[in-house]
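The structure appears right after this line, and notes come after that.
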Amino acid sequence: MFGSDKKSPRHGNAVETLVGPRAVIRGDINFSGGLYVEGTIYGKVVADDGSAAVLTLAEDGRIEGEVRAPVVVISGTMTGDVHASERVELAANARVQGNIHYKVVEMAAGAMITGRLIHAEAPLAQLTGPAAEAAAPAPAPLRGKAAKAEAEPQQA
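To convert, note that position 115 of the sequence shown is 115 in UniProt numbering; the numbers rise steadily by one, no gaps.
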């Protein structure tokens with residue numbers, strides 16, 4: 001079933017590790033190469049630095065924890081933040097509760113995200129909420145009729 005000739009059709013990476021549909025893992029996983037998850041993982045899933053790793057979460061698969069990998073393909077249920085240094089693919093059945101940090105994202109109709117899509121090159125000030133408002137430049141002062149209208153109280 002898995003050999004050196006077994007390639008992921010879209011990425012060309014061999015599936016080297018399989019978490020089967022009845023497997024439940026409680027703990028963190030570090031991997032390189034291709035990781036295909038049909039079961040459930042409770043913990044972080046992190047690709048080795050510098051590896052050309054691909055994480056694929058199958059339709060019936062589930063991960064509860066942070067994910068960090070160059071390429072992440074989600075068809076199942078993900079609870080936690082996703083950090084993809086290259087790309088994220090969300091299939092129609094993908095269900096993600098968490099923020100997705102991406103460089104390139106591909107999302108099929110029907111995929112659901114409860115969280116933010118955050119581009120890898122977005123300035124930090126855009127991501128911090130109220131602090132972003134404080135860092136934003138003050139609005140230009142009103143001139144002419146707009147300034148006069150604001151200065152005069154409205155009568156009912």
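Just so you know, even glycine gets a beta-carbon here, dropped at the ideal spot from N, CA and C.
Asked: Return the chain-ordered list of same chain residues with a C-beta closer than 6 Å to the C-beta of Glu16, the five sequence neighbours on each side being excluded.; Found: Gly33, Gly34
Asked: In whole angstroms, what is the alpha-carbon distance linking Leu57 and Val96?; Found: 11 Å
Asked: Kindly give me the distance between the Cβ atoms of Gly76 and Glu64, rounded to whole angstroms, as I take these residues to be in contact under 8 Å.; Found: No, Gly76 and Glu64 are not in contact; Cβ-Cβ is about 11 Å, not under 8 Å.
Asked: State yes or no: is the C-beta of Gly20 within less than 8 Å of the C-beta of Gly39?; Found: yes
Asked: Below 7 Å CB to CB, which residues in the same chain sit around His119 once its five sequence neighbours on both sides are set aside?; Found: Tyr102
Asked: For Glu89, I'd like the list of residues in its chain whose CB is within less than 6 Å of its CB, leaving aside the five on either flank, ordered along the chain.; Found: Val73, Glu106
Asked: Could you have a look at Asn93 and say whether DSSP puts it in helix, strand or coil?; Found: coil
Asked: Thinking just about the alpha-carbon of each residue, which of Leu18, Ala14, Val46 is nearest to the one in Ile29?; Found: Val46
Asked: So, under 8 Å CB-CB, Ala69 and Ala84 are touching, yes? Tell me the CB distance rounded to an integer number of Å.; Found: 6 Å
Asked: Looking at the strands, I want to know which residues DSSP matches up with Ala47.; Found: Phe31
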